[in-house]
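2 protein chains.
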Amino acid sequence: MTAPTTDPNTTTASGTLFEVTEPFVLASGETLDRCQIAYTTYGTLNADKSNAILVCHALTGDQHMIGTHPVTGKGGWWETLAGPGKPLDTNRYFLICANVLGGCMGSTGPSSPDPKTGEIYGLSFPLVTIADMVDAQAKLIDHLGIDTLLSVVGGSMGGMQVLQWAARYPQRVTSAIPIATAAKHSSQNIAFHEVGRQAVMADPDWHGGKYAQQGTRPTKGLAVARMGAHITYMSDEALQGKFGRSLQDRSNISFGFDADFQIESYLRHQGMTFVDRFDANSYLYVTRAMDYFDLAADHDGVLANAFSGATTRFCVISFTSDWLFPTSESRAIVHALNATTAKVSFVEIESSRGHDAFLLDEPELFATVHAFLSSVADREGIPS
Amino acid sequence: MTAPTTDPNTTTASGTLFEVTEPFVLASGETLDRCQIAYTTYGTLNADKSNAILVCHALTGDQHMIGTHPVTGKGGWWETLAGPGKPLDTNRYFLICANVLGGCMGSTGPSSPDPKTGEIYGLSFPLVTIADMVDAQAKLIDHLGIDTLLSVVGGSMGGMQVLQWAARYPQRVTSAIPIATAAKHSSQNIAFHEVGRQAVMADPDWHGGKYAQQGTRPTKGLAVARMGAHITYMSDEALQGKFGRSLQDRSNISFGFDADFQIESYLRHQGMTFVDRFDANSYLYVTRAMDYFDLAADHDGVLANAFSGATTRFCVISFTSDWLFPTSESRAIVHALNATTAKVSFVEIESSRGHDAFLLDEPELFATVHAFLSSVADREGIPS
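Line by line, the protein sequences give chains A and B. According to the working numbering, the residues represented by the first sequence are 67 to 450, in order. According to the working numbering, the residues represented by the second sequence are 67 to 450, in order.
Following this line, the structure appears as structure tokens:
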């Protein structure tokens with residue numbers, strides 16, 4: 067669902083809207099004549115604009131990382147890590163979080179009207195890549211008058227953007243914190259995404275992507291996609307610990323297809339609530355952007371080339387039980403960085419919670435981000 | 067798709083049909099007034115009927131384990147392991163393989179006609195459990211005049227049946243070979259099954275299970291279910307090695323939603339071909355039977371109780387890269403057996419191929435099954 071959008075460069079429930087003033091050329095070669103980016107900021111930009119941190123959201127995240135979400139009414143997705151006194155300390159840093167290009171929370175995407183026709187784009191919206199998302203963010207950073215980011219931080223697809231930032235704009239990135247991510251999307255991850263897309267496309271209410279014109283929404287297909295994806299965000303151990311084989315509101319199995327098990331009820335709930343806040347076509351586009359991400363392929367097949375000459379300081383973080391973006395993917399990033407002049411620290415955090423650990427209450431994550439960022443900020447002379 | 071069924075106790079393309087002659091009471095308390103089991107046999111039953119081995123198939127398998135499949139035209143699903151001179155040696159043993167109750171290859175299931183109404187059952191078919199499948203097989207074994215099985219063998223859901231046989235009919239099972247299986251379905255596995263079922267049920271051609279009456283088939287939903295399940299049958303490493311990020315029939319990405327990647331093309335093919343040989347409601351029923359499987363729960367929560375007093379010899383086998391039925395599940399079985407008087411050997415086989423390794427060319431699997439079975443057969447005086 068696209069949040070209501072009004073005039074560009076104004077503040078709405080989606081945050082602030084930034085209109086890109088010139089035609090925006092995408093990696094595919096297509097051009098968006100007009101596009102806008104919805105973003106929020108937290109904290110105060112200092113006089114020399116040296117305390118800005120860009121936070122990049124994951125697949126189904128958005129710019130509302132702190133505070134009540136205008137659509138769901140729930141808290142922001144990274145309140146564990148960001149806020150006053152937290153590792154992403156809004157008392158010290160100026161945080162910027164923008165809805166990705168292709169998203170559905172105010173930034174231009176497939177649910178936006180095509181300025182050429184006035185009709186909702188649907189599948190006529192051009193494919194966007196992680197690099198396109200980052201280029202749009204760079205224009206936003208220009209617009210805010212910020213030359214250099216103290217840090218770029220993000221988990222999962224957010225981490226892909228962090229890596230892309232460091233590769234594409236190394237002089238503008240003092241430090242980078244890619245968390246639970248990879249420099250390329252794996253075969254297994256492409257596979258899971260493809261199943262999700264096929265679930266959406268199998269829904270007759272999808273109408274070849276033209277559901278806006280038909281007055282329908284492919285909620286069933288999108289819910290199935292979300293249910294499947296959600297399993298991959300948790301570890302086997304976490305599912306076993308949280309749900310096991312416990313039954314939901316009953317003492318015996320029903321010998322039927324009700325949600326007998328708590329895990330079934332939980333997944334159905336995840337699917338049902340997701341469709342209220344996310345656009346099905348955006349799900350197709352953003353998953354595809356992740357599939358296409360392969361930083362080495364863009365640099366003659368050598369990942370280290372992506373970071374050659376970088377002065378950025380890196381803090382790479384993974385979680386032991388994350389099987390979607392396993393530690394081996396983070397190690398590959400670290401090895402590539404070690405082959406350059408980059409300064410790298412790497413922490414594999416012991417956690418049983420799987421991929422979603424980066425969103426949860428993980429003290430070692432907090433301590434790691436706090437220590438690394440403080441050190442970078444101290445070195446840059448940012449008052450604490 | 068239900069294979070054509072004719073008169074009971076006759077041989078058809080589905081193999082031989084065995085009609086259960088008395089009402090069959092299920093674990094749910096429901097009764098099937100009539101039911102039939104389609105089965106095939108391979109090799110020759112010896113005079114004292116002591117060389118019979120029951121082979122139990124997995125979720126989407128059937129009785130056609132060797133030879134050309136009557137529906138797909140492909141080879142049997144366990145030709146790697148079974149046949150003349152193979153570990154399940156048809157020159158020495160008499161192999162029996164029956165389509166499970168609830169299946170769709172000739173045994174009674176939701177796509178069978180309800181004898182009370184003449185209409186296809188659909189969701190009015192009662193839920194069946196792994197124990198029900200095993201009880202139906204026991205009636206077939208009675209019918210064949212076999213008192214004791216030299217072995218019961220199976221992988222995945224087949225392994226669940228093996229364990230259930232050993233627990234339910236210990237005196238009739240000389241040896242048991244549960245492969246790549248578990249004594250209970252895990253939370254994660256229930257979760258994956260639930261997503262598959264929701265994909266089927268989201269297909270409007272499913273019609274609340276009454277698609278036979280509507281002249282439709284929920285092929286899109288079932289294909290999505292199969293695609294998702296198929297990912298879980300392979301390891302991350304196997305997907306990376308077999309497909310990686312290789313493109314399908316093209317040198318560049320399409321910036322669209324075609325099957326750019328080989329893994330996408332492969333999964334779509336798996337989904338499309340599956341629906342030609344499997345009934346959607348059977349998929350719901352058989353996945354549910356697996357979800358409900360919890361052998362310890364049926365024995366006061368103590369798995370060892372399921373095997374108390376067993377004289378069965380066990381050979382438990384797992385594969386290192388199987389994340390759907392990981393080695394820890396096999397270890398739990400072994401630990402329970404060790405707490406009884408049972409004789410157990412346990413082999414964890416090094417393989418990169420994930421859960422499906424039990425169906426593939428795995429020499430250590432062949433050597434293990436061959437050695438174990440030969441030893442059991444020698445002890446029982448079966449001529450080699």
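We put the CB at the ideal spot given by N, CA and C, even for glycine.
Inter-residue Cα distance where the pair is residue i and residue j
i	j	result
G224 of chain A	T247 of chain A	8 Å
G175 of chain B	A402 of chain A	55 Å
F432 of chain A	P153 of chain A	6 Å
I103 of chain A	H123 of chain A	13 Å
E260 of chain A	L83 of chain B	40 Å
Q230 of chain B	L369 of chain B	11 Å
G310 of chain A	S418 of chain B	27 Å
M67 of chain B	H335 of chain B	Reliability fails at M67 of chain B, whose pLDDT of 39 lies under 50, so the model's placement of it is uncertain and the value that follows must be treated cautiously. Rounded to the nearest angstrom, the two C-alpha atoms are 18 Å apart.
Q168 of chain A	V352 of chain A	According to the sequence provided, residue 168 of chain A is Gly. The question's Gln does not apply to it. Taking the straight line joining both Cα atoms gives about 6 Å.
V410 of chain A	A376 of chain A	11 Å
P74 of chain A	V200 of chain A	For P74 of chain A, the predicted structure reports a pLDDT of 43, less than 50, and the residue's modelled location is therefore unreliable. A value from the coordinates is still provided. Cα to Cα, the separation comes out at about 20 Å.
S441 of chain A	G149 of chain A	18 Å
S241 of chain A	S222 of chain A	17 Å
I329 of chain B	K140 of chain B	22 Å
I319 of chain B	N371 of chain A	22 Å
M226 of chain B	R238 of chain A	57 Å
V86 of chain B	P179 of chain B	15 Å
L206 of chain B	L313 of chain A	34 Å
E185 of chain A	G275 of chain B	38 Å
Residue closest to residue i, alpha-carbon to alpha-carbon, out of the options
i	options	result
N404 of chain A	A:I415, A:F373, A:A423	A:F373
T183 of chain A	A:G220, A:S396, A:R100	A:R100
N428 of chain B	B:W144, B:G262, B:G139, B:C381	Sequence inspection shows Glu at residue 428 of chain B; the Asn mentioned does not correspond to that position. Here the closest residue by C-alpha is B:W144.
V91 of chain B	B:G172, B:M131, B:L193, B:L189	B:L193
Y108 of chain A	A:Q129, A:Q280, A:A93, A:P89	A:Q129
L215 of chain B	B:P449, B:A443, B:S450	B:A443
H436 of chain A	A:P89, A:A118, A:S387, A:C381	A:C381
G95 of chain B	B:F191, B:L350, B:A289	B:F191
S387 of chain A	A:D357, A:Y299, A:V219	A:Y299
Y159 of chain B	B:N112, B:L189, B:S177	B:N112
L361 of chain A	A:T195, A:H209, A:S317	A:T195
Residue range of the alpha helix (DSSP H) that includes residue i
i	result
F258 of chain A	253 to 268
Y108 of chain B	First-last for Y108 of chain B: 101 to 108, but that is the beta strand (DSSP E), not the alpha helix (DSSP H).
K205 of chain A	196 to 209
R397 of chain A	393 to 404
G220 of chain B	G220 of chain B -> not in any alpha helix (DSSP H); beta strand (DSSP E) instead, spanning 217 to 221.
S348 of chain A	346 to 358
A278 of chain B	277 to 280
Check: residue i C-beta below 7 Å from any heavy atom of the ligand ADP
i	result
I119 of chain A	Among the ligands in the structure shown, none appear at all, so the ligand ADP cannot be discussed.
Simplified DSSP state of residue i, which is helix, strand or coil
i	result
A119 of chain A	The residue you asked about is not Ala; residue 119 of chain A is Ile in the sequence shown. Here I119 of chain A sits in strand by DSSP.
G81 of chain B	strand
A372 of chain B	helix
T68 of chain A	Summary for T68 of chain A: the model assigns pLDDT 41, below 50, so the residue's position carries little reliability, and this model does not support an answer.
E430 of chain B	helix
G307 of chain A	helix
T97 of chain B	strand
V137 of chain B	coil
L288 of chain B	helix
D444 of chain B	helix
G149 of chain B	strand
D128 of chain B	coil
A242 of chain B	strand
F191 of chain B	coil
I186 of chain B	strand
F424 of chain B	helix
Limits of the unbroken beta strand (DSSP E) element including residue i
i	result
Q237 of chain B	Run containing Q237 of chain B: none; DSSP gives neither H nor E here.
A164 of chain A	160 to 164
V341 of chain B	Segment: none, V341 of chain B is in no beta strand (DSSP E) and carries neither H nor E.
S384 of chain B	379 to 385
S411 of chain A	409 to 415
When you compare the segment 287 to 306 of chain B with the segment 418 to 429 of chain B, are there three or more beta-carbon pairs, one atom per stretch, that lie closer than 8 Å? Result yes; three or more Cβ-Cβ pairs closer than 8 Å.
Spell out a yes or no on whether the segment 232 to 242 of chain A and the segment 269 to 285 of chain A are touching, meaning 3 or more CB-CB pairs, one atom from each, closer than 8 Å. Too few Cβ pairs lie closer than 8 Å, so no.
If we count Cβ pairs, one from each stretch, closer than 8 Å, do we get three or more for the segment 292 to 300 of chain A versus the segment 316 to 336 of chain A? At 8 Å Cβ cutoff, the stretches touch.
For the pair the segment 394 to 401 of chain B and the segment 352 to 365 of chain A, tell me if three or more CB-CB distances fall below 8 Å. no
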